[in-house]
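Count along the sequence shown starting at 1, add 1259, and that's the number in our numbering. What follows is one structure encoded as structure tokens, with my remarks underneath.
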Amino acid sequence: MVNSSIDSLPPFPEDLPLAPIARVSSKKLIDGDKAEGAVVLEACRTYGFFYLDLTDSPKGEDLLRESEELLTLSKKAFSSHSIEEKNRYHLQKGVSMFGYKAAGTVKATDPHKRPDTTEFFNVSKDHMHGIAQTRDYPSTIEDARPLLKAFTKNAHETGMSVLRTLATSLDLRPDIFTEGNIFEKPAGDHCRLTHKSPHSSDKNSIGLPSHTDFGSVTVLFTWLGGLQIQKQTDRTWVYVKPLAGHAIINLGDAMVKFTNGALKSANHRVVPSPGAQGDEERYSVVYFVRPCNDTLMKPVGDFENGTHVKVGGKVSVGEEEGKVYTAGEWMVKRAIQLGS
């Protein structure tokens, strides 16, 4: 079993409200277990979040090991380069989602307009695998290409297991969602390495403001608390506690679009880590599965019937005029909305 870095950190406080999200077995997911599929479907009809236990399958163990190695890489990448050097690799809003984002540049979706306190590197799946022309990354990231290639491949396949499970649980063709998320085709898929400096638990600081993800599936590894999701019932915020040996899985708005609102993408944010955890540097390793650039952003199969729900705020304005975006167009517009 892979040792988790969670064990070396201060414990998550026991008196905080937690999100009631399900735990799912990766082995059962891979094996196509119908009962486990029903659990996944219910999770994605409500919160759009669930835990994935990776300790019970070889593929899961590989992904856990890679996430721990990327945690080590993150610590090196953020600490060994000055802010001036990191900014040489900045992502270009409205042009490319890949590269470096400094802390303090995202506040558009926070009701109090607080600048975020998180910096991150977005590393493109297509760049790592030669699917699209690459861009420059810092030497620490360039040197880790073999690790990043392995992680992006395995994390993407985990996302495909989720999509196949949802399709079969909805009595649809097993590939109805995966055919729009093919690994070998150009897409916005990327690995995100994030870092947030220690901050006390106060209301004047926000790690990342509230938002929904806008891809298909997000695979998240995090070791300290701070992630919160908004309850559908009373709109209050509750914590998602990191669990050793587990990834946190959530759906993005693309799946809301493809299912015409049948599946959900929860509003979530990152706040200062609670309790003694707030004195620690917070890192996360994330993989975003996003539809291929040429995939049409519209409901699939029987979900095409009926009035189409609006997804993504301002992006839907064009759709009212009969415009159907490709995923490549849609992702850029959503990134501009979020301010990242």
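By construction, the Cβ of each residue, glycine as well, lies at the ideal position given by its N, Cα and C atoms.
Task: F1480: first and last residue of the uninterrupted beta strand (DSSP E) it sits in - done: Under the DSSP assignment, F1480 falls in the beta strand (DSSP E) whose first and last residues are 1476-1481.
- [ ] Can you check the region 1299-1328 for any beta strand (DSSP E) of at least 3 residues that lies completely inside it and give the ranges in chain order?
- [x] You should have 1308-1312.
TODO: Measure from the alpha carbon of G1537 to the alpha carbon of each residue in V1559, D1321, L1486, then state which is nearest.
DONE: Of the candidates V1559, D1321, L1486, the one whose C-alpha sits nearest the C-alpha of G1537 is L1486.
Task: Endpoints, the beta strand (DSSP E) within which F1436 is located - done: No residue range can be given for F1436, since it is assigned to no beta strand (DSSP E) and is classified by DSSP as neither H nor E.
- [ ] Determine which residues share a DSSP beta bridge with F1465 and list them.
- [x] One detail in the question is off: residue 1465 reads as Ile in this sequence, not Phe. Among the bridge pairs identified by DSSP, I1465 is matched with D1375.
Open item on the list: Taking its Cβ as the centre, do 16 or more other Cβ atoms sit within 10 Å of T1411, making it buried, or is it exposed?
Closed with: Buried: at least 16 other Cβ atoms inside 10 Å.
- [ ] Grab the span of the beta strand (DSSP E) containing A1506 for me, first residue to last.
- [x] Residues 1505-1510.
- [ ] For the region 1383-1432, list the alpha helix (DSSP H) runs that are entirely contained and at least 4 residues long, ordered along the chain.
- [x] DSSP runs (the alpha helix (DSSP H)) wholly in the region 1383-1432: 1384-1387, 1398-1401, 1404-1428.
Task: Secondary structure of T1453, DSSP reduced to three states - done: DSSP places T1453 in strand when its eight states are reduced to three.
Task: Terminal residues of the beta strand (DSSP E) in which K1360 lies - done: Unbroken beta strand (DSSP E) run through K1360: 1358-1360.
- [ ] Specify the secondary structure class of S1543 as computed by DSSP and reduced to three states.
- [x] Residue state for S1543 is assigned as strand, using DSSP reduced to three classes.
Task: Element boundaries [beta strand (DSSP E), containing I1280] - done: Membership of I1280 in any beta strand (DSSP E) is not indicated, and neither H nor E is assigned to it by DSSP.
- [ ] Please determine if the region 1400-1416 and the region 1526-1537 are in contact, where contact requires at least 3 C-beta pairs separated by less than 8 Å.
- [x] Remark: fewer than three beta-carbon pairs, one from each stretch, lie closer than 8 Å, so the region 1400-1416 and the region 1526-1537 are not flagged as touching.
Task: DSSP bridge partner residues for T1487 (one or two, in chain order) - done: The sequence shown places Gln at residue 1487, rather than the Thr named in the question. DSSP, once it has assigned bridges, lists Y1498, R1528 as partnering Q1487.
Task: Close beta carbons around F1309, own chain, < 6 Å, minus the five adjacent residues each side - done: Closer than 6 Å at the Cβ level, and outside the excluded window around F1309, lie I1280, A1281, V1283, A1302, I1508.
TODO: Can you tell me the Cβ-Cβ gap for V1548 and N1440, rounded? I've got them flagged as a contact below 8 Å.
DONE: Indeed, because the Cβ distance is near 6 Å, the residues count as touching under 8 Å.
Open item on the list: In this structure, how does DSSP classify G1587 when only helix, strand and coil are distinguished?
Closed with: G1587 sits in a helix when the DSSP states are folded into three classes.
- [ ] Indicate whether V1544 and L1406 have their beta-carbon atoms separated by less than 8 Å.
- [x] Their beta carbons are not under 8 Å apart, which means V1544 does not touch L1406 by this criterion.
Task: Buried or exposed by the 16-neighbour rule on C-beta atoms within 10 Å, applied to L1522 - done: Buried, because 16 or more other Cβ atoms sit within 10 Å of the Cβ of L1522.
TODO: Taking A1409 as the reference, give the member of T1427, E1320, H1527, H1349 with the closest Cα.
DONE: Answer by Cα proximity: E1320.
TODO: State the beta-bridge partners of A1446 as determined by DSSP.
DONE: Bridge partners of A1446: C1551.
- [ ] Determine which residues share a DSSP beta bridge with K1262 and list them.
- [x] With the sequence shown as reference, residue 1262 is identified as Asn, and Lys is not the correct amino acid for it. Note: N1262 sits in no beta bridge, so no partner.
- [ ] Specify whether the region 1430-1448 and the region 1551-1561 touch according to this definition: at least 3 beta carbon pairs, one from each stretch, less than 8 Å apart.
- [x] Yes: the two stretches touch, three or more of their Cβ pairs being nearer than 8 Å.
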